[in-house]
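S.K.:
Numbering (the numbering used here), first residue to last: 1 to 265.
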């Protein structure tokens, strides 16, 4: 099978998923790797939504054991046209639960042929200096494993003699788990520190932050990815709602032991 062109399709507000996919792409050794970034609204023009690459790598973060609904809705605009796919989820060192099987089903529905899968670890959105949760990940060890994963996929594809017809088996449950939402929560802004540079506005994947007044966030649109918190150059943004702080403390206390990536080829 040819392995010249590769597409990287991802939703990655804090760039951890994108980083993992780029590591996998290095292992694949594709001469042409094209990015299809779903993070921002309408980032992919209509003319680029029909895939014709030799292989695509599809990546998404895990939110409460599921895929982010905004990522799912944007991904459904893409047509796979029978292209083989590697599916990857990135979670914050707790559990990925049903996210990987949900991504497999989503890829199948879009017309891709999933042939390998991985679950990698990235710094949790709620991670802070005081309560680190998988801080700094994916790190050098994760990236080395991402590259090795890419190499193993390449080896499988280069030796494949026929169609990849077998349905990829991955962990997860059907029906998928229900997710309990926490309405009315968004990062707060320290107005005394904020310079209104609008870096957070550009980083927000759902256009929830007012460009004229970056201290104002639409809680209905906010998905609490914390991209705004992590990119603010003066640390004016913080997710300090007591409910989130309680969750972060629980995650720090119970899920600080290092977990390693899992791959299925």
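Don't be surprised by glycine CBs; every beta carbon is placed ideally from N, CA and C.
In this text, all values refer to a predicted model and were calculated from it rather than measured experimentally.
Select from 24, 30, 11 the residue whose C-alpha is nearest the C-alpha of residue 3.
M.R.: 30
S.K.: Determine, using beta carbons only, whether residue 83 and residue 52 come nearer to each other than 9 Å.
M.R.: yes
S.K.: Counting only the same chain and skipping the five closest in sequence on each side, list residues whose C-beta sits under 6 Å from that of residue 17.
M.R.: 10, 59, 61, 90
S.K.: Is the separation between the beta-carbon of residue 111 and that of residue 79 shorter than 9 Å?
M.R.: yes
S.K.: On the DSSP letters alone, give me the boundaries of the alpha helix (DSSP H) that residue 105 sits inside.
M.R.: 99-110
S.K.: Please state the DSSP three-state secondary structure of residue 86.
M.R.: strand
S.K.: Could you tell me if residue 143 is buried or exposed, where buried requires 16 or more neighbouring beta carbons within 10 angstroms of its beta carbon?
M.R.: The residue in question, residue 143, is buried, as its Cβ has 16 or more Cβ neighbours within 10 Å.
S.K.: Can you confirm whether the segment 192-209 touches the segment 230-247 when touching is taken to mean that 3 or more C-beta pairs between the two stretches lie within less than 8 Å?
M.R.: yes
S.K.: Classify residue 16 as helix, strand or coil using the three-state DSSP reduction.
M.R.: helix
S.K.: How would you write the range of the beta strand (DSSP E) that residue 5 sits in, first residue to last?
M.R.: 5-10
S.K.: Counting along the chain, where does the beta strand (DSSP E) carrying residue 58 start and finish?
M.R.: 55-61
S.K.: Just curious, the alpha helix (DSSP H) that residue 148 is in, first and last residue?
M.R.: 140-159
S.K.: Would the segment 212-225 count as touching the segment 90-102 if we require 3 or more Cβ pairs under 8 Å?
M.R.: no
S.K.: For the alpha helix (DSSP H) holding residue 252, just list the boundary residues, first then last.
M.R.: 242-254
S.K.: Quick one, are the C-beta atoms of residue 221 and residue 182 less than 9 Å apart?
M.R.: no
S.K.: Quick one: what's residue 274 bridged to in DSSP?
M.R.: The question about residue 274 has no answer here: the residues shown for the chain are numbered 1 through 265.
S.K.: Go through the segment 182-228 residue by residue and report every complete run of the alpha helix (DSSP H) that reaches 4 residues or more, in order.
M.R.: Segments of the alpha helix (DSSP H) lying fully in the segment 182-228: 199-203.
S.K.: Suppose you measure from the CA of residue 258 to the CA of residue 134; what does that come to, to the nearest Å?
M.R.: 7 Å
S.K.: Closer than 6 Å by C-beta to residue 219: which residues in its own chain qualify, once you throw out the five before and the five after it? Chain order, please.
M.R.: 184, 186
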